[in-house]
Amino acid sequence: MKKLLLASTALVMSAGVAAADVALSGDGRMGIVYNDAAVDELRFDSRVRVLFTLSGETSTGLAFGGSFRAHTAGDAASGNMGTNGATVFIAGDWGTLTMGDTMGAVQGAVGDLHGVGLTGLGFVNENTYLIRNFNGGVFNSGGTNALYTYTIEGLTVHAHIGQVNVRDGNNDRVNTYGIGARYAMGDFEIGAGVERGDVGGLNIDHVAVGGQYTFGDIEVRATYGTLFNDGSGLLASDDQYGLSMSASFAETTVTAFARRDFARDTHVGVGASYDLGGGASLVGGVRFTDFDAGGDQTTADFGVSFSF
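My numbering puts the first residue of the sequence shown at 2, with every later residue one more than the last.
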């Protein structure tokens, strides 16, 4: 027993010397959600997540690190804890190489519109990209992408390649890659990029542009994306576009967006938050969607968000 204790102590001490720095942060929420399209229109919602951020540096000055999230949701049927968003990186004067559940190059260059609500209300403010983080792109890359980023002055360049040898449900090989850039000039930022997805002999090219302007406590964003060579019928239309704004007044922040997606559905949302101090905020929002296929949907939420 004594030998085991000594061995364990030595292991912990040696691990502490060799280990990189580890930082913990987190967020949580609790509130109520309304959905007029659901059988039960009202439900409670709660969640808490912990973000693990690891960092270190080699003797030659290369920075390295990684991060992942551990989370659980109060309304999950299983009640089990899961993890997602894992990435690792290495960086130097030559730029940063990140692998894992990363964003795509065009997502990094163009970004998304402002979101609303406690829960995100479907996150329909987010643009559709062929590759984006949390496996949310048109093409499932297996949650592992390679992203290169280089910044000089106000210019940031991104390039990505999706996971190699990924196959779809028809056993066709899926290849994704893209490049994008974003330039900041004082209060104005502009970004653009192009990405391609190859699957089953079909090519889909997505070109997107976006801009952001900040004046005082008000921020405005606009984005546009268009498709070329979409012979697959994978997406219903060739264009997506939207506009959003965020305005802060003392402890209150108001956000709003309007967006039409590739499915020709139109989404409009408005939300607000009030800073209670200490990392807690009252947050609420409403989102309306008019579906191109017919019908509409209204969702709303309200509650308290926490950051730790």
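The beta carbon of each residue, even a glycine, is placed where N, CA and C say it ideally should be. Quick caveat: nothing in here was measured; it's all calculated off a predicted structure.
### Task
Verify whether the separation of the beta carbon atoms of Ala110 and Gly192 is less than 7 Å.
Position 109 of the sequence shown holds residue 110. Position 191 of the sequence shown holds residue 192. It is a contact, given that the beta carbons lie within the stated cut-off.
### Task
Could you work out which residue in Tyr149, Asp218, Ile132 is closest to Asn344 when comparing CA atoms only?
Absent from the model: residue 344. The displayed extent of the chain is 2 to 309, so no value can be given.
### Task
Classify Gly194 as helix, strand or coil using the three-state DSSP reduction.
Translated into the one-based positions of the sequence shown, residue 194 becomes position 193. Look at Gly194 here: in three-state DSSP terms it is strand.
### Query
For Gly181, is the classification buried or exposed, using 16 other Cβ atoms within 10 angstroms of its Cβ as the cut-off for buried?
Counted from its first residue, the sequence shown places residue 181 at position 180. A residue is called buried when at least 16 other Cβ atoms come within 10 angstroms of its Cβ; Gly181 meets this threshold and is buried.
### Task
Please confirm whether Arg30 and Leu119 have their CB atoms less than 7 Å apart.
Walking along the sequence shown from the start, residue 30 turns up at place 29. Walking along the sequence shown from the start, residue 119 turns up at place 118. Taking a C-beta distance under 7 Å as the contact criterion, Arg30 and Leu119 qualify as a contact pair.
### Message
According to DSSP, is Gly123 part of a helix, a strand, or is it coil?
### Response
Here residue 123 refers to the residue found at position 122 when the sequence shown is read from its first residue. DSSP places Gly123 in helix when its eight states are reduced to three.
### Query
Glu58 to Val89, Cα distance in whole Å?
By 1-based counting over the sequence shown, the position of residue 58 is 57. By 1-based counting over the sequence shown, the position of residue 89 is 88. Between Glu58 and Val89, the C-alpha separation is close to 13 Å.
### Query
Taking Cβ positions, are Asp266 and Thr227 nearer each other than 7 Å?
Here the question's residue 266 lines up with position 265 in the sequence shown. Here the question's residue 227 lines up with position 226 in the sequence shown. Taking 7 Å as the cut-off, the beta carbon of Asp266 is found no closer than this to the beta carbon of Thr227.
### Query
Using CA coordinates, which residue listed in Gly86, His268, Thr152 is at the minimum distance from Phe69?
As a working note, residue 69 is residue 68 in the sequence shown. For Phe69, the nearest C-alpha among the options comes from Gly86.
### Query
Run through DSSP, which three-state label would Gln108 get?
What you label residue 108 is simply residue 107 of the sequence shown in a count that begins at 1. Helix, per DSSP.
### Message
I'd like to check one pair, Phe258 with Ser274: are the Cβ atoms closer than 7 Å?
### Response
As a working mapping, residue 274 is identified with position 273 in the sequence shown. As a working mapping, residue 258 is identified with position 257 in the sequence shown. No, the pair does not count as a contact, with Cβ atoms beyond the cut-off.
### Query
Among Ser238, Asp46, Ile91, which residue has its Cα nearest to the Cα of Thr61?
Counting from one through the sequence shown, the residue named residue 61 turns up at place 60. Among Ser238, Asp46, Ile91, the Cα nearest to that of Thr61 belongs to Ile91.
### Task
Give every residue of the same chain whose Cβ lies closer than 6 Å to the Cβ of Glu49, excluding the five residues on either side of it in the sequence, and list them in chain order.
Sequence index remark: in the sequence shown, residue 49 carries index 48 (1-based). The residue asked about is misnamed: residue 49 is Val in this sequence, not Glu. Cβ within range, chain order: Gly29.
### Span separating the alpha-carbon of Asp76 from that of Leu122
Sequence index remark: in the sequence shown, residue 76 carries index 75 (1-based). Sequence index remark: in the sequence shown, residue 122 carries index 121 (1-based). Low per-residue confidence applies at Asp76: pLDDT is 39, beneath 50, and the placement is therefore not dependable, though the value from the model is reported in the following sentence. Near 15 Å, if we compare the C-alpha coordinates of Leu122 and Asp76.
### Task
Could you tell me whether the Cβ atoms of Gly96 and Tyr151 are closer together than 7 Å?
For the purposes of this step, residue 96 is identified with residue 95 of the sequence shown, where counting begins at 1. For the purposes of this step, residue 151 is identified with residue 150 of the sequence shown, where counting begins at 1. For Gly96 and Tyr151, yes; Cβs fall inside 7 Å.
### Bridge partner(s) assigned by DSSP for Asn146
Here residue 146 refers to the residue found at position 145 when the sequence shown is read from its first residue. Answer is Gly101, Gly163, bridged to Asn146.
### Query
Mind checking whether Thr256 and Ser247 have CB atoms under 7 Å apart?
The residue labelled residue 256 in the question sits at position 255 within the sequence shown. The residue labelled residue 247 in the question sits at position 246 within the sequence shown. By the CB criterion at 7 Å, Thr256 and Ser247 fall inside the cutoff.
### CB-CB length for Ala185 against Gly155, believed under 8 Å
By one-based count along the sequence shown, residue 185 stands at place 184. By one-based count along the sequence shown, residue 155 stands at place 154. The Cβ separation is near 4 Å, so the contact holds.
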